[in-house]
Amino acid sequence: MCGIVGIVGHSYVNQGIYDALTVLQHRGQDAAGIVTCDGDRLYLRKDNGMVRDVFRTRHMRRLVGNMGIGHVRYPTAGSSSSAEAQPFYVNSPYGITLAHNGNLTNAEELAEHIFRADLRHINTTSDSEVLLNVFAHELQSRGKLQPEADDIFDAVAAVHKRVEGAYAVVAMITGYGILAFRDPHGIRPVCFGRKDTPQGPEYMVASESVALSSLGFHLVRDLAPGEAIYITAEGEMCTRQCAESPSLHPCIFEQVYLARPDSIIDGISVYKARLRMGEKLAEKVEREWPDHDIDVVIPIPDTSRTSALQMANHLGVKFREGFIKNRYIGRTFIMPGQHQRKKSVRQKLNPIELEFQGKNVLLVDDSIVRGTTCNEIIQMAREAGARKVYFASAAPAVKFPNVYGIDMPAARELIAHDRTTDEICELIGADRLIYQDLADLVETCREGNPAVESFDCSVFNGEYLAGNITLDYLSELEARRSDDAKGSSEKKQALADNEIIDLHNTN
Ligand SMILES: O=P(O)(O)OC[C@H]1O[C@H](OP(=O)(O)OP(=O)(O)O)[C@H](O)[C@@H]1O
Ligand SMILES: NC(=O)CC[C@H](N)C(=O)O
Ligand SMILES: [Mg+2]
1 MCGIVGIVGH SYVNQGIYDA LTVLQHRGQD AAGIVTCDGD RLYLRKDNGM
51 VRDVFRTRHM RRLVGNMGIG HVRYPTAGSS SSAEAQPFYV NSPYGITLAH
101 NGNLTNAEEL AEHIFRADLR HINTTSDSEV LLNVFAHELQ SRGKLQPEAD
151 DIFDAVAAVH KRVEGAYAVV AMITGYGILA FRDPHGIRPV CFGRKDTPQG
201 PEYMVASESV ALSSLGFHLV RDLAPGEAIY ITAEGEMCTR QCAESPSLHP
251 CIFEQVYLAR PDSIIDGISV YKARLRMGEK LAEKVEREWP DHDIDVVIPI
301 PDTSRTSALQ MANHLGVKFR EGFIKNRYIG RTFIMPGQHQ RKKSVRQKLN
351 PIELEFQGKN VLLVDDSIVR GTTCNEIIQM AREAGARKVY FASAAPAVKF
401 PNVYGIDMPA ARELIAHDRT TDEICELIGA DRLIYQDLAD LVETCREGNP
451 AVESFDCSVF NGEYLAGNIT LDYLSELEAR RSDDAKGSSE KKQALADNEI
501 IDLHNTN
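So the sequence shown is numbered by full-length UniProt numbering: it starts at 1 and just counts up by one.
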């Protein structure tokens, strides 16, 4: 779940893209990049790190031009080397740069085919570089000296036929315009907005609507599954459906954890969906535990705050901020290694002891994935003097790997995989554990937009709608990307860090 952004404006877009990336920082903390286009020249800056660290004033000054795209990365394929920071670039045809949120499930076959049949060289292990080369090949094969919107949309249609998995993409065609498209299952989000200026309209595409509103663009709508939008450098905009049988199955984990609460995704206010998650969870407690003895509801900051607040309201129990978050530490779940994630929970959250002493506390989190957070937090609550520590998750048990852009590659790393709720409860050291039911979670999200008939719930139910996800695929993914596997490839990554073969990257 990286963050993508693209702007076509009437003045330099560097600051706007930078600002949008800071708003999307919660979607990826590993690397950031911006490429801008001025006439027929591109200017690129990308590196590992948070947005504020990657772009210094000197870089910003050199990112000139009235259109550009940007990316914040949370790796789900390849390595976390700076060589795989995005946007990626190919020089032919026209010069194309591309940034991608999602994960291709047939990247290996495609890479092989691109080399053998399309005679294109891929220099990294990133699936996004593969995607760029498939698109470039398809656009090149239209054979036009000057591409028009229909040529570009035809190339997207051909990409949809070759590529499997999840992809929300923004790409820039040097000198011509900016393109964005969404996979035919609409798994990862992407929306577009417009701002009217005295010089004419400006357009922006982004992973989440919050990036648009914070830059003064109004949300026009989400891209439909399979749909593409093309905005020329002159500011003309058109859209086209490029997939043969599109159907919308947005990732439900965006609503649970990934997205900011102030975003609206596929017509669903994330904030309201999270409020409803809290309400449903409270109803479950009332149903299954009518004589509960909870004294206080305490959220695990940040993401669970909205659900926990509503849960407490509904139960008629006090809501208290029992953990204070160090605002300078990012999200722990999207950090690359288990050691770092574990250490960060303690650095990030600190208890206010008086809220725990002698009380039966209900700790509420949005989800339990590896169990890193709840393990530490329950221990901290006990150390702070809690009498009983109950734990509730606004999402159901995460039991299956994700293959669509969330880095959960190994079932055995998931605390709920092959375990009952009682077993998990014991393992995390809670006095009671309550999970949301999947049907309830789906209802809380659908209520926001009943037109969304189905969600990608694969991490909860193991049903993979896009791509051919076999047991072999999953075990191969686990072997390649589990924490152990990533650890052993660290040395290779360090070497790769010095191997960017790309546009001149501003130092
Ligand atoms: O079971 P785990 O593997 O620990 O994963 C789940 C936890 O990770 C996330 O928090 P994170 O710190 O990433 O972000 P937040 O501050 O937005 O809650 C999520 O909100 C849960 O708290
Ligand atoms: N989280 C994502 O969307 C990742 C995009 C891409 N698969 C990468 O690893 O760079
Ligand atoms: Mg959290």
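Idealized CB from N, CA, C, for every residue including glycine.
Asked: Chain-order list of residues whose beta-carbon lies under 6 Å from that of A494 (same chain, five-residue window excluded); Found: Confidence at A494 is low in this model, with a pLDDT of 48, below 50, so the placement of that residue should be treated as unreliable; the coordinate-derived value is given next. Excluding residues within five positions, none has a Cβ falling inside 6 Å.
Asked: Every unbroken alpha helix (DSSP H) inside the stretch 21 to 80 [4 residues or more]; Found: 51 to 54 and 57 to 62
Asked: DSSP three-state assignment for F181, whether helix, strand or coil; Found: strand
Asked: Closest Cα partner of S128 within the set L474, G95, Q86 and R61; Found: Q86
Asked: DSSP state of A439 mapped onto helix, strand, coil; Found: helix
Asked: Which listed residue (N375, G78, V156 and Y203) has its alpha carbon closest to that of A107; Found: G78
Asked: Residue range of the unbroken alpha helix (DSSP H) whose run includes Q140; Found: D127 to Q140
Asked: Alpha carbon of Q25 to alpha carbon of S209, nearest angstrom; Found: 14 Å
Asked: Local conformation of C374 per DSSP, three classes; Found: helix
Asked: Spatially closest choice to T373 from L275, N402, K343 and N360, by CA coordinates; Found: K343
Asked: Heavy atom of ligand 1 within 6 Å of R260 beta-carbon; Found: no
Asked: K272 vs G448 beta-carbon contact at 7 Å; Found: yes
Asked: Check whether residue 546 and N14 have beta carbons under 7 Å apart; Found: The question about residue 546 has no answer, for the chain in this structure spans 1 to 507.
Asked: Cβ neighbour criterion (16 or more within 10 Å) applied to E426; Found: exposed
Asked: Distance cut-off 6 Å: S303 Cβ against heavy atoms of ligand 3; Found: Correcting the residue type first, residue 303 is Thr in the shown sequence and not Ser. Yes, the Cβ of T303 comes within 6 Å of a heavy atom of ligand 3.
Asked: Extent of the continuous alpha helix (DSSP H) to which D151 belongs; Found: A149 to R162
Asked: Residue nearest to A168 in terms of C-alpha spacing, selected from E443, L212, Y404 and F55; Found: Y404
Asked: Contact test: T97 Cβ vs ligand 1 heavy atom, cutoff 6 Å; Found: no
Asked: A117 classed as buried or exposed, judged by whether at least 16 other C-beta atoms fall within 10 angstroms; Found: exposed
Asked: Helix, strand or coil at G16 according to DSSP, with G and I counted as helix; Found: helix
Asked: Alpha carbon of V156 to alpha carbon of K144, nearest angstrom; Found: 15 Å
Asked: Buried/exposed call for R58, threshold 16 Cβ in 10 Å; Found: exposed
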